[in-house]
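Here the structure comes first, spelled out in structure tokens, and everything after it is commentary.
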Amino acid sequence: MILCDTNILIEIYKNNSEIIETIKQIGQENIFVSDVTCAELLYGARNKKELKTIRSDLNKLNVLPIQSFISSLSVELVEKYCLSHKLSLPDALIASTALHHNIELFTLNTKDFKFIEGIKLFSQEK
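So in my numbering the end of the sequence shown lands on 309, straight run, no missing numbers.
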């Protein structure tokens with residue numbers, strides 16, 4: 184299981200062949216996203232057609248919901264890292280999801296997560 188950060192899905196929409204190939208190697212059945220990623224992608228839609236396409240694509244993915252314990256963990260992470268590393272709430276929720284499910288996080292923004300104790304970041308070099 185791999186949790187994809189929002190930027191990974193954005194790269195797929197940009198037809199980034201390296202990211203697309205990595206996702207194929209992992210296997211779609213092993214790809215998960217957070218509710219936060221769904222919300223961020225939908226928020227980024229520029230029109231109704233794009234919104235509909237994004238919703239359709241998201242329906243094909245394994246979505247991990249934000250549950251109370253994930254929310255609570257994200258509050259702890261924000262408190263611990265907001266001043267030292269400027270951890271944002273969406274990133275805290277995504278990191279908490281990965282930590283709770285004990286899965287690797289696939290992101291292009293490793294600087295946003297690498298300081299979080301216990302986080303496992305997916306490396307394309309594997």
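All C-beta atoms, glycine included, are put in the ideal place defined by N, C-alpha and C.
Contact belief for residue i with residue j at Cβ below 8 Å, rounded distance in angstroms
i	j	result
I253	T280	5 Å
L288	D188	6 Å
F215	L247	5 Å
Rounded C-alpha distance that separates residue i from residue j
i	j	result
I302	L192	20 Å
V219	I249	8 Å
N245	G210	12 Å
S306	I286	13 Å
L291	N190	7 Å
Residue i classed as buried or exposed, judged by whether at least 16 other C-beta atoms fall within 10 angstroms
i	result
I202	buried
V258	exposed
E194	buried
C221	buried
Practice problem: Report yes or no: do three or more beta-carbon pairs, one from the stretch 238–257 and one from the stretch 276–291, lie closer than 8 Å? | Solution: yes
Self-check item: Entirely enclosed beta strand (DSSP E) segments - the stretch 187–226, minimum 3 residues
Solution: 214–217
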